[in-house]
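For reference, the structure is listed below as structure tokens.
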Amino acid sequence: MSDRTMTRTFLVAVLAGSLSPVIADEAKPINVFILAGQSNMAGADSNVAEPPGFQQTEADRATLLTTAPLPDSAKSSLYSPWGELQGHRVKGKLVHGPEVGLARALHEAGWRNVAMIKVFANFGETVEVWPWGKGGYLFKAWTTFIEDRLDELRKQGHTVRVRGFVWHQGIDDAIHGDFAQQYERNLSGLISLLRERYDAEQAPFVLARSVMSRISQPTPDPDKKSPMTAVRRAQMQVAKSVSGVAWINVDDLPNVNTHHFTAEGQLVVGRRFGEALQLLSDGATAPSPIPVAHRGLLRHAPENTLPAFAACLELGLGFELDIRTTKDGHLVVLHDDNVERTTDGPSRSVRDMTLAEVKRLDAGSWFDEAFAGVRIPTLEETLSLGSQRKRGLTIIALNVKDVTREGEAKLVALVEKHNLLSESFAFDQSDEMSRRLKKLNPAFRIGQNVSRQSIEARLKEGLLDCFLLTSTPTAEEVSRLHEHGKQGLFNFAGESSRNPQAWKRAAAAGIDGLLTDYPLECRAAWRVADRAAAAPPLDPRGVWVETPWAKPVIDRGKSGAWDHMAVDNPYVHVDGNTLFCFYEAQDKPFANGGREAFGIATSSDGVHWRKLTSNPILTTGDDGAWDHIVAKLPVGVIKHGQHYHLFYSGRDSRTKQIGLATARQITGPWKKSSDNPVLKSRPGEWDKMLSTHPTPLFEIDGRYHLLFRGMERRYEQQGVGLAVSTDLLHWQRSPTSPVIPASEEIASLAVARSEQGFVAISQPTDLRERSYWLSNDLQQWQKGPSVDFRASVDAETLSNPFLFDGRWTVLYEQKDRIYRAVLHPPTGQQGE
2 MSDRTMTRTF LVAVLAGSLS PVIADEAKPI NVFILAGQSN MAGADSNVAE PPGFQQTEAD
62 RATLLTTAPL PDSAKSSLYS PWGELQGHRV KGKLVHGPEV GLARALHEAG WRNVAMIKVF
122 ANFGETVEVW PWGKGGYLFK AWTTFIEDRL DELRKQGHTV RVRGFVWHQG IDDAIHGDFA
182 QQYERNLSGL ISLLRERYDA EQAPFVLARS VMSRISQPTP DPDKKSPMTA VRRAQMQVAK
242 SVSGVAWINV DDLPNVNTHH FTAEGQLVVG RRFGEALQLL SDGATAPSPI PVAHRGLLRH
302 APENTLPAFA ACLELGLGFE LDIRTTKDGH LVVLHDDNVE RTTDGPSRSV RDMTLAEVKR
362 LDAGSWFDEA FAGVRIPTLE ETLSLGSQRK RGLTIIALNV KDVTREGEAK LVALVEKHNL
422 LSESFAFDQS DEMSRRLKKL NPAFRIGQNV SRQSIEARLK EGLLDCFLLT STPTAEEVSR
482 LHEHGKQGLF NFAGESSRNP QAWKRAAAAG IDGLLTDYPL ECRAAWRVAD RAAAAPPLDP
542 RGVWVETPWA KPVIDRGKSG AWDHMAVDNP YVHVDGNTLF CFYEAQDKPF ANGGREAFGI
602 ATSSDGVHWR KLTSNPILTT GDDGAWDHIV AKLPVGVIKH GQHYHLFYSG RDSRTKQIGL
662 ATARQITGPW KKSSDNPVLK SRPGEWDKML STHPTPLFEI DGRYHLLFRG MERRYEQQGV
722 GLAVSTDLLH WQRSPTSPVI PASEEIASLA VARSEQGFVA ISQPTDLRER SYWLSNDLQQ
782 WQKGPSVDFR ASVDAETLSN PFLFDGRWTV LYEQKDRIYR AVLHPPTGQQ GE
């Protein structure tokens, strides 16, 4: 099967996970998408024009399996198996569902060797009869058909993998009102069944929210407390509560009778399905707000120019632009009526200039000489750029400053030409102009600034597709808009509107986008908030379980290797999607001239580790050096300036102290500081000897904090001290040290920063008495509950707890090898 021969499977639910495009070798791996639903999935009433009106593109030349698998029509294939994707005949008319638009979207995203299996019931069935109800006969009939088709592919030598599901159903649950309230439970259960059945727990699931059909209630008004309202809310709730599920809005698309879409509408439905699938594939579990850059990235490039817009597109931002009309009727992008402020031109209105005159102006030099020669763009150039360069879904806000009646038709035509109807909207024009734009194309989207007091009136009016809310929106307001199928943005543009707290509140309310002069800062604030919200707490009530059981993740080296004798005292640094374990090792017994050294192992999952071939990265010092006997416990890896820094314990014949090593790359080479030791022992004090703890460095208010162990003599009671620095080289002990007294007999303290503050796991002399310690500032510590740690053999020194892939994890030493344990939440909170 060539790349052009794509079988496409679509199911109306999309499961969470990775959907990276796979380019297969000839006829071997097949990426399967399963589509399912009712009459809209079948394409009822879409009535495609005969060729050449329905032109096939290269993306359309795919193969598709489809059927209507009810018992009385199981033998009916409206597409021949592996037939061309061009619509099918119903009563002499050519129709198609969302599969054509989906096929094009997947093709544009880079997918090849795709099989789509479409199943539908066109006879008014509720979701209740899928996994439950009358024996779940639809579920059985449809899955039997799907599995027969999958078996056909396997018999041809293909390997198949279900990559996603699409679901388009729900109107009949509203007609049969008894089922409406059960919809959320039934659909959630169906998703679980499908994921399990097709070994596709990481596949995305996308559903189209059902329209307010006239057959389910007299008027398409979501305020009417009808079963349809309950179904729509249930569909949105499933997408919110079930991992890897998304819903798409189809309320704004052309339809025949308020519940069946035209051919044009079906193409857009399919494209939205494809875009939502790809977003879920890229790692998003739910749609995230899109920062919309006011006049482009205006703080980094000249406003309303192609460089300012291109920067937005490359960074995944939306953008707002201003439209004006030249003397000879061309639509150009410019904020002011007068060209003087943002060009090298004289004080003159753009309305009095031809396009040729406008194009001679330099619109970049005023901002920076690097942009000399940048021109005022036409709307055509801008939309062409947006269509070609956008990365996934975007928002293009078209601020209509000055457009004539003739220009209105040009505006709609340009948006149509560049396939941006679903990702753009016009705003700031009069309501009369908005109605004219809608008349030119009902799918052209209209926006407007809306105050909190006028939301209900504008919803009732029904003209707007996009609400630009002028005050920080609440979750109730955004939910209200979404129930009506409207897009909600927060219009927070302006140089003085840099307010991260307002950005976060708006995102938490569920907005679709935010118009701002600070889009990069806004997105960074959202990401910080997202990480904090997504991070599970390091809950002392949880249970640590050795995973994998009784199997080290980092083992000793082979005979003669630098780490043959032991690997222990791990410390873990998380850098994006990669873990770096710094550990100490020994080549042979000290009595036989053995020496300790440090190494690094890397991992992308925490289970499978690879040691660097450049190991060891550091060794004990030369004879007479402060660390010539011992170099232990590498900890506190942090990047400061251009260098990574790590701290470690060193010992000579008199005392133990703490030193520093630096490297430009985290993998080395590492060089010891000439100022070592950077934290010195104090004769006659409680910290006559010092050692590091398996803990990160913590930055608080621009100052770095390092916890350390202090003792008067080796192997005696150890207290926990705190030192503070601004440059990582010069350290000052906290006046409150020791912050935990030696009487607590803590041999080591593994510390992490969690949402509840600082959480530490102590390592006492008796491992059975390991406990949690809690602090808000690293200065004051309170002893917490005991630690429930389940390992095949008593775990010795623990690494710092680290959050990776959504789970709190530690590495630890056990019989001179390094093992791994994962924190399981308390009973009753699993999966929360």
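Note that the numbering used here has the sequence shown beginning at 2, numbered continuously upward.
Built from N, CA and C at the ideal position, the CB exists for glycine as well.
When S692, H644 and R352 are compared against G834, the one with the closest alpha-carbon: Residue 834 falls outside the range modelled here, since the chain spans only 2 to 833, and no answer is possible.
Neighbour-count burial assignment, Y813, 16 or more Cβ in a 10 Å radius: buried
CA nearest to the CA of L599, picked from D606, R611, A586 and N593: Per the sequence shown, the amino acid found at residue 599 is Phe instead of Leu. Ranking D606, R611, A586 and N593 by Cα distance to F599 puts A586 first.
Residue ranges of each beta strand (DSSP E) within the segment 266-317, 3 or longer: Counting whole runs of 3 or more residues, the segment 266-317 contains the beta strand (DSSP E) stretches 291-294.
Beta-carbon gap between P739 and V752 smaller than 7 Å: Result no, Cβ atoms of P739 and V752 do not sit closer than 7 Å.
Spatial neighbours of G622 in its chain, beta-carbon cut-off 6 Å, leaving aside the 5 residues before and after: D628 and H629
Cβ separation of V351 and V334, assumed to be a contact under 8 Å, to the nearest whole Å: That pair is no contact at about 10 Å.
Residue range of the beta strand (DSSP E) that includes E700: Going by DSSP, E700 is part of the beta strand (DSSP E) stretching over F699 to I701.
Neighbourhood of N400 by C-beta, 7 Å cutoff - its chain only, sequence neighbours within 5 removed: E321, L322, D323, I324, F428 and D429
Beta-ladder partner(s) of E814, from DSSP: I819
The segment 454-461 contacting the segment 410-424, beta-carbon criterion three pairs below 8 Å: no
Inter-residue Cα distance where the pair is L438 and F445: 7 Å
Backbone CA spacing between V120 and R150 [nearest angstrom]: 12 Å
Given 8 Å, three or more beta-carbon pairs between the segment 502-518 and the segment 772-783: no
Three or more C-beta pairs below 8 Å linking the segment 153-169 and the segment 28-42: Touching, yes, given that three or more Cβ pairs across the two stretches are closer than 8 Å.
C-alpha distance - E433 paired with G448, whole-angstrom precision: 13 Å
Neighbourhood of H295 by C-beta, 7 Å cutoff - its chain only, sequence neighbours within 5 removed: E321, A494, L516, T517 and D518
Under the three-state DSSP convention, the category M213 falls into: coil
Sequence-distant residues of its chain with Cβ nearer than 7 Å to P842 (five each side left out): Any question about residue 842 goes unanswered here, given that the chain covers just 2 to 833.
Same chain only: Cβ atoms within 6 Å of A551, ignoring 5 sequence neighbours per side: S793
Terminal residues of the alpha helix (DSSP H) in which Y184 lies: Y184 to R198
Presumed contact (8 Å Cβ cut-off) between I618 and I639, rounded CB distance: About 16 Å separates the two Cβ atoms, so there is no contact after all.
Proximity below 7 Å, CB of Q773 to CB of P538: One point to set straight first is that residue 773 is Tyr, not Gln, in the sequence displayed. Judged by their CB atoms, Y773 and P538 are not nearer to each other than the 7 Å cut-off.
Distance between L107 and R164 (C-alpha atoms, nearest Å): 12 Å
Beta-carbon proximity of I192 to I291, cut-off 7 Å: no
Pair within 7 Å by beta-carbon distance, L208 and Q236: yes
N- and C-terminal bounds of the alpha helix (DSSP H) containing T383: L380 to R390
Those residues which DSSP pairs with Y645 across a bridge: K640 and A664
Sequence-distant residues of its chain with Cβ nearer than 7 Å to C523 (five each side left out): Within its own chain, the residues whose Cβ lies closer than 7 Å to the Cβ of C523, once the five positions on either side in sequence are excluded, are P292, W504, L515 and T517, listed in chain order.
Beta-carbon spacing of T405, T355 below 7 Å: The answer is no: Cβ separation not under 7 Å.
Reduced DSSP secondary structure (H/G/I, E/B, other) of H108: helix
Contacts around K487, its chain only, beta-carbon distance under 6 Å, and the 5 residues preceding and following it disregarded: F468
Outcome for R210 when other beta-carbon atoms lying within 10 angstroms are tallied against a minimum of 16: Around the beta carbon of R210, a 10 Å sphere encloses 16 or more other beta carbons of the protein chains shown; the residue is thus reported as buried.
Host alpha helix (DSSP H) of Q783 (start-end): Element bounds for Q783: not the alpha helix (DSSP H) but the beta strand (DSSP E), Q783 to S787.
Three-state secondary structure (DSSP) of L521: The answer is helix: DSSP assigns L521 an H, G or I state.
Residue range of the unbroken beta strand (DSSP E) whose run includes P571: A567 to D576
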